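Report on the following structure.
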């Protein structure tokens, strides 16, 4: 007959530790084996749930939108604080300037000059857009890269207008 070891015997303590370690390992392996389910932005309902705002698109010929874009670039310093703090919007309008895209040679000289004059503000804007989940997903849902954003402006009815040197996604 084998003697029964007391509860505090080293053999029982070692077995208890081994059992706990095996359980933790099994849970870890199970967690790694579980499928990763990320919420994509291809479903319009997913976009609405994440953004919570209507996202509209508009294509503008570069010459028609140049003045408005230049004014928005000049006001970036004032708008950066609002971009940092924004948590809700009624609507996001993305204004495409396809002639200003890299594929078309970049923005018009007047816009390019303003972008270089205000390059620190433009860089900060792009960083803030990447840091703000609401704005990032609103822009990304329309396949616009943050690096293509030239400027933003706010209008009176809680609408953010994003000027992008890009072509609308088909």
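Numbering (this note's numbering), first residue to last: 17 to 186.
For each residue, glycine too, the CB sits at the ideal point set by N, CA and C.
Remember, predicted model here, so these are calculated numbers, not experimental data.
Three-way DSSP call (helix, strand, coil) for residue i in this model
{"i": "residue 35", "result": "helix"}
{"i": "residue 175", "result": "strand"}
{"i": "residue 85", "result": "helix"}
{"i": "residue 166", "result": "strand"}
{"i": "residue 182", "result": "coil"}
{"i": "residue 161", "result": "coil"}
{"i": "residue 54", "result": "Summary for residue 54: the model assigns pLDDT 42, below 50, so the residue's position carries little reliability; its value from the coordinates is reported in the next sentence. Of the three classes helix, strand and coil, the one that applies to residue 54 here is coil, per DSSP."}
Chain-order list of residues whose beta-carbon lies under 7 Å from that of residue i (same chain, five-residue window excluded)
{"i": "residue 158", "result": "71, 73, 110 and 185"}
{"i": "residue 160", "result": "110, 180 and 182"}
{"i": "residue 100", "result": "144"}
{"i": "residue 84", "result": "none"}
Under 8 Å between C-beta atoms of residue i and residue j
{"i": "residue 166", "j": "residue 123", "result": "yes"}
{"i": "residue 119", "j": "residue 169", "result": "no"}
{"i": "residue 141", "j": "residue 113", "result": "no"}
{"i": "residue 108", "j": "residue 154", "result": "yes"}
{"i": "residue 138", "j": "residue 145", "result": "no"}
{"i": "residue 127", "j": "residue 86", "result": "yes"}
Close Cβ partners of residue i (< 8 Å) along its chain, the five nearest in sequence each way excluded
{"i": "residue 102", "result": "148, 150, 151 and 176"}
{"i": "residue 82", "result": "124, 126 and 127"}
{"i": "residue 98", "result": "170"}
Beta-carbon separation (whole angstroms), residue i vs residue j, contact threshold 8 Å
{"i": "residue 174", "j": "residue 94", "result": "Rounded, the Cβ-Cβ distance is 17 Å, inconsistent with contact."}
Extent of the continuous alpha helix (DSSP H) to which residue i belongs
{"i": "residue 138", "result": "135-147"}
{"i": "residue 93", "result": "92-101"}
Start-to-end residues for the beta strand (DSSP E) that takes in residue i
{"i": "residue 107", "result": "107-112"}
Same chain, Cβ closer than 6 Å to residue i, five either side skipped, listed in chain order
{"i": "residue 51", "result": "Residue confidence for residue 51 is low, a pLDDT of 49 falling below 50, so the modelled location carries little weight and cannot support an answer."}
{"i": "residue 135", "result": "none"}
{"i": "residue 35", "result": "none"}
{"i": "residue 164", "result": "180, 181 and 182"}
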